[in-house]
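Asker: In my numbering, the protein residues as written are 172 to 670. We put the CB at the ideal spot given by N, CA and C, even for glycine. The structure follows.
Right under this line is the structure:
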């Protein structure tokens, strides 16, 4: 143990004592991006716990983890992720506030280890991210920077009717309704302001009813977690769609920050009696939520950082050959990547024409109809040169999504995959004939298609994603597709009852 690490751990333990922190929330994501948490007595956080782990996890009870026959696992706190939590976190806002017990709590993200042997667990999302970062370092890239832009909705209410169980036992009747005071279908519009469908982009308060909520999300992230929010705004869709842009960071801390953002957004919404939603496409009639992810690879030598994606001599977009190969890798593996970056059946309701989401495999400068855009607000700025993938959505496990894209890009660099020529036209307006002439390929149109692509094209991932992990992941995703596809919808009865 280094002297610096030992001092850091000692300071954390001292802070827990001095701040009279009662509970420690140990957090991690399952393979599907769902945040998991256990609260332990703060006295359990000792110097040894950071190296030996805490014997608190039954791996058989986490989806996609262990069989019951071998399920003892260890949770090891990562000291770099320590944060004292806001008091309003983890309250039950569905009940009278007087019942809530106020306590002082802190959190760590944890690394997951096998019981008995103490080995890192291969299906731990953070471990996968660490391995991807290590692969990049081994081929000469010292820093891998990512910058997700997270879109989401904050609704007043989501009602599954006549009960949530009816979505499974559907023959007794099933449906849902979404309530939002901003929406044109609202029956509770006390403010008198309505945001039309596709009319929400950059609206100002009081029309934007959630500016204050996003302010609080950003301020909470900065004050308690040290995460800088660069900007936030109302997005295109009605019914409370917003976007929050955090400052870019390296792969693992950036993924941790996205999980912290999602947790904070849910807590701020709950405090207001609302519900945050990170589905890709909750509204049929309006734009879905994306998670555009910017990426760049850097080298460091003698204290000097160099963006390997930047070439001031390239007249088209100031892109280096390394960047072009990286784009080539992203496009080459785009269909299989979708199983990870767009991992739900709902994801493919977003990837449709007419809703500002990519549907074709193209790249371009400043072109938001392309699936890969090269942001070009400025010239001659190395620090801003990056590649933006516009395909992912916020339902993705961010650790896996960033790791998979990095591996695809590195594969493009390794194999020198030259991307096709950029397409600088509005791709949404191109005829099918013109797309064929330009040899423009399409993204998968359903989760099943993406999973089948991943099963056929996964070799580029195998140094980071274990084979048994990919098999488990694909099998569960195929079952999800069947579960949704096999359910007759109310729309089908409306359309076909008279046939």
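From residue 299 to residue 574, what distance separates their C-alpha atoms?
Answerer: As a first step, residue 299 is located in the chain shown; it is residue number 128 there, counting from the start. As a first step, residue 574 is located in the chain shown; it is residue number 403 there, counting from the start. Going from the Cα of residue 299 to the Cα of residue 574 covers about 7 Å.
Asker: When DSSP builds the beta bridges, which residues end up paired with residue 421?
Answerer: One-based indexing of the chain shown puts residue 421 at position 250. 316, per the DSSP bridge assignment.
Asker: Could you please give the first and the last residue of the uninterrupted alpha helix (DSSP H) stretch that includes residue 607?
Answerer: As a position in the chain shown, residue 607 is number 436, starting the count at 1. From DSSP, the alpha helix (DSSP H) with residue 607 extends over 603-608.
Asker: Which residue marks the beginning of the alpha helix (DSSP H) containing residue 661, and which one marks its end?
Answerer: Numbered from its first residue, the chain shown carries residue 661 at position 490. 661-667 is the extent of the alpha helix (DSSP H) around residue 661.
Asker: In terms of alpha-carbon separation, which member of 223, 227, 189 and 219 lies closest to residue 197?
Answerer: As a working mapping, residue 197 is identified with position 26 in the chain shown. Comparing Cα-Cα distances from residue 197 to each of 223, 227, 189 and 219, the minimum goes to 227.
Asker: Near residue 580, which residues of its chain fall below 6 Å by C-beta distance, leaving aside the five closest residues on each side in sequence?
Answerer: In the chain shown, the residue the question calls residue 580 occupies position 409. Only 497, 500 and 501 meet the Cβ criterion.
Asker: Would you kindly check if the distance between the Cβ of residue 516 and the Cβ of residue 563 is under 8 Å?
Answerer: In the chain shown, the residue the question calls residue 563 occupies position 392. In the chain shown, the residue the question calls residue 516 occupies position 345. Taking 8 Å as the Cβ cut-off, residue 563 and residue 516 do not qualify as a contacting pair.
Asker: On a Cα-Cα basis, can you pick out the residue from 260, 283, 305 and 263 that is closest to residue 635?
Answerer: As a first step, residue 635 is located in the chain shown; it is residue number 464 there, counting from the start. Looking at the Cα atoms, 305 is the closest of the given residues.
Asker: Tell me the residue span of the beta strand (DSSP E) that contains residue 293.
Answerer: Along the chain shown, one-based indexing puts residue 293 at 122. That residue, residue 293, is in no beta strand (DSSP E); it is neither H nor E in DSSP.
Asker: Considering Cα atoms alone, identify which of 505, 551 and 456 is closest to residue 482.
Answerer: Looking up residue 482 in the chain shown gives position 311. The shortest C-alpha separation from residue 482 is found at 551.
Asker: Please state if the CB of residue 199 and the CB of residue 330 are separated by a distance shorter than 8 Å.
Answerer: Here the question's residue 330 lines up with position 159 in the chain shown. Here the question's residue 199 lines up with position 28 in the chain shown. No, Cβ-Cβ distance for residue 330 and residue 199 is not below 8 Å.
Asker: Go to residue 499, then tell me how far its alpha helix (DSSP H) extends in each direction, as first and last residue.
Answerer: Working through the chain shown from its first residue, we reach residue 499 at position 328. DSSP places residue 499 inside the alpha helix (DSSP H), whose first and last residues are 492-503.
Asker: Tell me whether residue 205 is buried or exposed, calling it buried when 16 or more other Cβ atoms sit within 10 Å of its Cβ.
Answerer: Taking the chain shown and counting its residues from 1, the one referred to as residue 205 is at position 34. When all chains shown are included, residue 205 counts as exposed.
Asker: Tell me the DSSP secondary structure of residue 652 in three-state form.
Answerer: Reading the chain shown from its first residue, position 481 is the one you call residue 652. In the structure shown, residue 652 sits in a helix (DSSP, three-state: H, G or I).
Asker: Could you spell out where the beta strand (DSSP E) holding residue 619 opens and where it closes?
Answerer: To locate residue 619, count along the chain shown from 1; it is residue 448. Note, residue 619: premise wrong, no beta strand (DSSP E); alpha helix (DSSP H) at 618-627.
Asker: Taking contact to mean 3 or more Cβ pairs, one atom from each stretch, closer than 8 Å, check whether the stretch 469-477 and the stretch 420-430 are in contact.
Answerer: no
Asker: Taking 8 Å as the cut-off, does the stretch 660-668 touch the stretch 603-619 (at least 3 CB pairs, one atom from each stretch)?
Answerer: no
Asker: Provide the residue span of the alpha helix (DSSP H) that contains residue 386, from first to last.
Answerer: By 1-based counting over the chain shown, the position of residue 386 is 215. Taken as a continuous stretch (DSSP letters only), the alpha helix (DSSP H) holding residue 386 covers 382-396.
Asker: Thinking residue 615 and residue 535 are a contact (beta carbons under 8 Å), I'd like their distance in whole angstroms, please.
Answerer: Here residue 615 is taken as the residue at index 444 of the chain shown, counted from 1. Here residue 535 is taken as the residue at index 364 of the chain shown, counted from 1. At roughly 21 Å, the Cβ-Cβ gap does not stay under 8 Å, so residue 615 and residue 535 are not in contact.
Asker: With DSSP as the reference, identify every bridge partner of residue 462, one or two as the case may be.
Answerer: Residue numbering aside, residue 462 sits at position 291 when the chain shown is read from its first letter. 321.
Asker: Beta carbon of residue 448, beta carbon of residue 407: below 8 Å?
Answerer: Locating residue 448 in the chain shown gives position 277, where the first residue counts as 1. Locating residue 407 in the chain shown gives position 236, where the first residue counts as 1. For residue 448 and residue 407, no; Cβs fall outside 8 Å.
Asker: Looking at the unbroken beta strand (DSSP E) that takes in residue 350, where does it start and where does it end?
Answerer: Within the chain shown, numbered from 1, the residue matching residue 350 stands at position 179. Run containing residue 350: 346-350, per the beta strand (DSSP E) assignment.
Asker: Could you check what DSSP says for residue 527 in three-state terms: helix, strand or coil?
Answerer: Here residue 527 corresponds to residue number 356 of the chain shown, with the count starting at 1. Coil.
Asker: If the criterion is Cβ atoms closer than 8 Å, does the pair residue 388 and residue 366 meet it?
Answerer: Translated into positions along the chain shown, residue 388 becomes position 217. Translated into positions along the chain shown, residue 366 becomes position 195. In this structure, residue 366 does not lie closer than 8 Å to residue 388 by Cβ.
Asker: Quick check on residue 478: does DSSP put it in helix, strand or coil?
Answerer: Against the chain shown, residue 478 aligns to sequence position 307. In the structure shown, residue 478 sits in a strand (DSSP, three-state: E or B).
Asker: Would the beta-carbon of residue 412 fall within 8 Å of that of residue 320?
Answerer: Within the chain shown, numbered from 1, the residue matching residue 412 stands at position 241. Within the chain shown, numbered from 1, the residue matching residue 320 stands at position 149. Cβ distance not < 8 Å, so residue 412 and residue 320 don't count as in contact.
Asker: By Cβ distance below 6 Å, which residues in the same chain neighbour residue 239 in space, the five residues on each side in sequence not counted?
Answerer: For the purposes of this step, residue 239 is identified with residue 68 of the chain shown, where counting begins at 1. The residues are 231.
Asker: Note down, one range per segment and in chain order, each beta strand (DSSP E) of at least 3 residues found wholly within the stretch 224-272.
Answerer: DSSP runs (the beta strand (DSSP E)) wholly in the stretch 224-272: 225-229 and 243-248.
Asker: Could you give the DSSP three-state label for residue 573: helix, strand or coil?
Answerer: Residue 573 sits at position 402 when you count from the first residue of the chain shown. Residue 573 falls in the helix class under three-state DSSP.
Asker: In chain order, what residues of the same chain have a beta carbon less than 6 Å from the beta carbon of residue 243, not counting five sequence neighbours either side?
Answerer: Sequence index remark: in the chain shown, residue 243 carries index 72 (1-based). Taken in chain order, the residues that qualify are 286.
Asker: Our contact map puts residue 201 next to residue 207 with C-beta atoms below 8 Å; I'd like the distance itself, whole angstroms only.
Answerer: The sequence position of residue 201 within the chain shown is 30, counting from 1. The sequence position of residue 207 within the chain shown is 36, counting from 1. Yes, they are in contact, since the Cβ atoms of residue 201 and residue 207 sit about 6 Å apart, within 8 Å.
Asker: Which same chain residues end up closer than 7 Å to residue 179 when comparing Cβ atoms and leaving out the 5 residues on each side of it in sequence?
Answerer: Numbered from its first residue, the chain shown carries residue 179 at position 8. Cβ within range, chain order: 250.
Asker: Report the three-state DSSP secondary structure of residue 402 (helix, strand or coil).
Answerer: As a first step, residue 402 is located in the chain shown; it is residue number 231 there, counting from the start. Strand, per DSSP.
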